[in-house]
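Novice: Please find one structure pasted underneath; my questions will follow.
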Amino acid sequence: SRRRIKRAVALRRSGQSPPTIVQSEKEPPKVAMRQEDLPFPKPVEGGWRLPPPSLLTGGKRREVTFSEDVLWANSQMLENKLRDYGVEGKVVEVKPGPVVTVYEFEPAPGVKLNRIVNLEDDLALSLSAHSVRIEAPIPGKSVVGIEIANPVRETVYLKDVVNSELFRQAPSKLTLALGKDISGNPFVVDLSRLPHLLVAGATGSGKSVSLNCMIASILLRATPDEVKFMMVDPKMLELLAYEDIPHLLLPVVTDPREAATSLRWVVGEMERRYAVMAEKGTKHIERFNQKVRAEREKGGEGEELKPLPYIIVVIDELADLMIVSRREVEESITRLAQMARAAGIHIILATQRPSVDVITGLIKVNFPARISFQVSTKVDSRTILDTTGAEHLLGTGDMLFLPPGSSRLKRVHGAYISEEEIKRLAEFWRSQGKPSYEVSILEERRPGKADEDEDYDEKYEEAVAFVMEVGQASVSLLQRRFKIGYNRAARIIERMEREGIVGPSDGVKPREVLIRK
């Protein structure tokens with residue numbers, strides 16, 4: 176108010192040192208770009224064209240501006256409110272951002288952090304703020320970060336993030352443009368280093384929009400020869416917009432039972448890739464692709480092989496899958512999360528039900544990188560992030576990102592992409608060619624009661640003779656030898672284990688053959 180500002184100015188004139196105001200360095204928007212200035216590299220093989228930046232139009236920019244007098248007045252009021260609760264100290268720095276403003280508060284000697292952290296709800300009430308979140312302490316500083324929602328929020332558009340230098344210079348094809356941090360700087364992550372991502376949030380929190388931004392980030396810089404998608408959308412709402420783009424391994428899966436079958440195929444593909452890479456003396460997809468390209472250029476053995484594309488499995492609602500095929504889905508997701516990184520397979524797993532019966536302990540422990548949007552309770556926040564805080568988020572894209580190997584949360588304001596922009600991006604890729612589907616995925620016979628009662632397979636005896644001859648057994652080995660699908664090969668191996676012919680699974684290693692000729 177005008178009275179508070181006048182009082183703040185009077186205090187400043189009286190000699191009190193004001194807090195430092197730190198404005199973020201925002202990149203000026205680019206109005207037009209020449210071909211040589213395009214942020215996405217031109218493809219070198221395959222004949223594909225990458226989308227131009229003009230496909231993303233963004234929206235009307237509404238930048239939030241702050242006067243130093245207002246920020247000074249707010250700092251004084253915050254100090255006074257904390258003093259009312261018995262917490263002495265001063266605001267030493269203020270960082271206004273697009274959605275929240277961070278007040279760095281230096282507590283007086285002897286003040287315990289717990290006293291400050293527990294005041295989140297009280298401060299929100301006292302300051303008439305929509306939400307207050309406290310980070311205590313800020314890493315590397317002797318201050319507490321008090322994040323207060325701005326009266327007016329600035330919309331973060333995906334176009335602004337992907338046109339930033341940070342995104343343009345990122346080398347990975349799997350770079351995800353998530354949004355902007357609390358200071359207004361672009362925030363991106365490399366999915367290949369995460370290497371999987373768990374995303375959760377209540378209805379209307381911005382989860383689905385963020386999922387679309389992640390997919391769009393990859394479609395803007397990767398061709399169908401470089402990245403393939405398997406999309407699972409039981410709700411039939413978000414991912415159907417990408418139907419028939421050439422990046423798809425198969426049509427968008429909407430049946431939870433077919434999703435379970437598809438995930439089993441991905442497990443089989445992972446094992447096949449490890450076997451193929453082992454034959455080339457490599458353990459990682461990047462090194463394998465380098466060797467194949469080098470051999471193809473020389474006209475050697477590599478001519479028969481092609482570089483392996485990355486596979487991104489996107490599941491929009493895990494809860495629907497867990498209801499129908501809990502054991503199968505959990506087993507496949509866990510196995511992929513544990514082992515698929517080096518094979519170039521990554522998972523983005525999303526749910527709006529962050530409960531322990533959906534995000535099980537087994538799944539959570541194998542997804543160290545997680546994102547939580549706004550949730551309704553502290554319990555839900557702990558289920559996702561192992562700590563509270565997500566219940567104080569603002570919704571509509573406001574998120575907390577937990578990086579792998581760290582317990583420090585990063586607050587990010589998620590980017591926005593419109594339905595029209597998604598439609599244009601998908602249509603751009605459809606205009607270049609049809610998808611080449613892996614039809615064998617859904618042709619696989621689903622296991623049912625008949626499979627449990629009857630193990631007969633006409634290839635079984637031949638498969639037993641084969642593994643006894645070679646002295647090792649694996650699903651991928653049977654797939655290559657007998658030209659059969661993953662599910663069928665897996666059932667044969669499981670029967671061999673029950674009958675004592677082969678030993679139990681030992682990670683990616685072939686199973687030991689217990690009976691020889």
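This note's numbering puts the first residue of the sequence shown at 176, with every later residue one more than the last. A virtual CB, placed ideally from N, CA and C, is assigned to each residue, including glycine.
1. Do A525 and V331 count as a contact pair if the criterion is CB distance below 7 Å?
2. How far does the alpha helix (DSSP H) with S651 in it extend, from its first residue to its last?
3. For D573, name the three-state secondary structure that DSSP assigns.
4. Nearest-angstrom Cα distance between E505 and M497?
5. So within the stretch 231-271, which uninterrupted beta strand (DSSP E) runs reach at least 3 residues, ignoring any that extend past its ends?
6. For P346 versus V267, is the C-beta spacing smaller than 7 Å?
7. Among residues of its own chain, excluding the 5 on either side of P282, which ones have a beta-carbon nearer than 6 Å to its beta-carbon?
8. Could you pull the DSSP bridge partners for Q647 from this structure?
9. Give the C-beta separation of S380 and F548 to the nearest angstrom, bearing in mind that I take them to be a contact with Cβ-Cβ under 8 Å.
10. Nearest by alpha-carbon distance to K270: which of P284, V245, V286 and R258 is it?
11. Am I right that D491 and L414 are in contact with their C-beta atoms under 8 Å? What's the rounded C-beta distance?
12. By the three-class DSSP mapping on this structure, what secondary structure does H422 have?
13. Which same chain residues, not among the five before or five after E672, have their C-beta less than 6 Å away from its C-beta?
14. Here's the rule I'm using: 16 or more other beta-carbon atoms within 10 Å means buried, otherwise exposed. How should G376 be labelled?
15. DSSP three-state label for S306, please.
16. Would you report the Cα separation of A207 and V292, rounded to the nearest angstrom?
17. So, using beta-carbon positions, are V550 and E566 closer together than 7 Å?
18. Tell me the start and end of each unbroken beta strand (DSSP E) in the stretch 300-381 that is at least 3 residues and wholly inside, in chain order.
19. So for E279, helix, strand or coil by DSSP?
20. Whose CA, out of V554, P326, E636 and A665, lies closest to the CA of G272?
21. May I ask you to list the residues that DSSP assigns as paired with V407?
22. On a CA-only basis, which of M405, Y485, R224 and I313 is nearest K348? Give me that one, please.
23. Check for me: the beta strand (DSSP E) holding R583 runs from which residue to which?
24. Spell out a yes or no on whether the stretch 591-602 and the stretch 377-396 are touching, meaning 3 or more CB-CB pairs, one atom from each, closer than 8 Å.
25. Which value, in whole angstroms, describes the spacing of the CA atoms of E687 and G646?
26. Quick one: residues in its chain with C-beta nearer than 6 Å to the C-beta of V427, no 5 flanking neighbours on either side, listed in chain order?
27. Identify every residue that forms a DSSP beta bridge with Y591.
28. In whole angstroms, what is the alpha-carbon distance linking S437 and S383?
29. On the three-state DSSP scale, how would you describe I676?
30. Does the distance from the CB of P370 to the CB of H521 come in under 7 Å?
31. Tell me which residues share the same chain as R691 and place their Cβ nearer than 7 Å to its Cβ, disregarding the 5 neighbours each side in the sequence.
32. So L372 packs on I546, CB below 8 Å; how close in whole Å?
33. What are the start and end residues of the alpha helix (DSSP H) that includes T526?
34. Quick check: the stretch 274-281 against the stretch 248-264, are at least 3 beta-carbon pairs closer than 8 Å?
35. Less than 7 Å between the C-beta atoms of S651 and E503, yes or no?
36. Quick test of your reading: S306 and L569, contact by CB under 8 Å. State the CB separation rounded to the nearest angstrom.
Specialist: Inspection of the coordinates gives the following:
1. No, the Cβ-Cβ distance between V331 and A525 is not below 7 Å.
2. It spans V650 to F657 - the alpha helix (DSSP H) in which S651 sits, taken as one unbroken run.
3. Looking at D573 - three-state DSSP - the assignment turns out to be strand.
4. C-alpha separation (whole angstroms): 8 Å.
5. As summarised for the stretch 231-271, the continuous beta strand (DSSP E) elements at least 3 residues long and confined to that stretch are 264-271, given in chain order.
6. No; because the gap between Cβ atoms is not below 7 Å, this pair is not in contact.
7. Excluding positions up to five away in sequence, the list reads G264.
8. Paired residue(s): E687.
9. With a Cβ gap of about 4 Å, S380 and F548 count as contacting.
10. Considering only alpha carbons, the answer is V245.
11. Cβ atoms of D491 and L414 come within 8 Å of each other, at about 6 Å.
12. Judged by DSSP in its simplified three-state form, H422 adopts coil rather than helix or strand.
13. Once the five neighbours on either side are set aside, E672 has no close Cβ partner at all.
14. G376 comes out buried.
15. Three-state DSSP puts S306 in coil, outside helix and strand.
16. Legend: pLDDT at A207 = 38, less than 50; position of this residue unreliable, no value from coordinates given.
17. In this structure, E566 lies closer than 7 Å to V550 by Cβ.
18. Counting only runs of 3 or more, we get 307-310, 319-324, 350-356, 361-365 and 372-375.
19. Strand at E279.
20. Among V554, P326, E636 and A665, the Cα nearest to that of G272 belongs to P326.
21. DSSP, once it has assigned bridges, lists V428 and I490 as partnering V407.
22. It is Y485 whose Cα lies nearest to the Cα of K348.
23. R583 -> no beta strand (DSSP E), and no H or E assigned at all.
24. Yes, the stretch 591-602 is in contact with the stretch 377-396.
25. Roughly 7 Å between the two C-alpha positions.
26. Taken in chain order, the residues that qualify are M406, D408, L414, L415 and E418.
27. Y332, per the DSSP bridge assignment.
28. Inter-residue distance for S437 and S383 is about 22 Å (C-alpha atoms, whole angstroms).
29. Three-state DSSP puts I676 in coil, outside helix and strand.
30. Taking 7 Å as the cut-off, the beta carbon of P370 is found closer than this to the beta carbon of H521.
31. Taken in chain order, the residues that qualify are M643.
32. The Cβ separation is near 7 Å, so the contact holds.
33. Element bounds for T526: not the alpha helix (DSSP H) but the beta strand (DSSP E), I520 to T526.
34. Note that the stretch 248-264 touches the stretch 274-281; at least 3 beta-carbon pairs, one per stretch, sit closer than 8 Å.
35. The criterion of a C-beta distance shorter than 7 Å is not satisfied by S651 and E503.
36. Right, their Cβ atoms sit about 5 Å apart.
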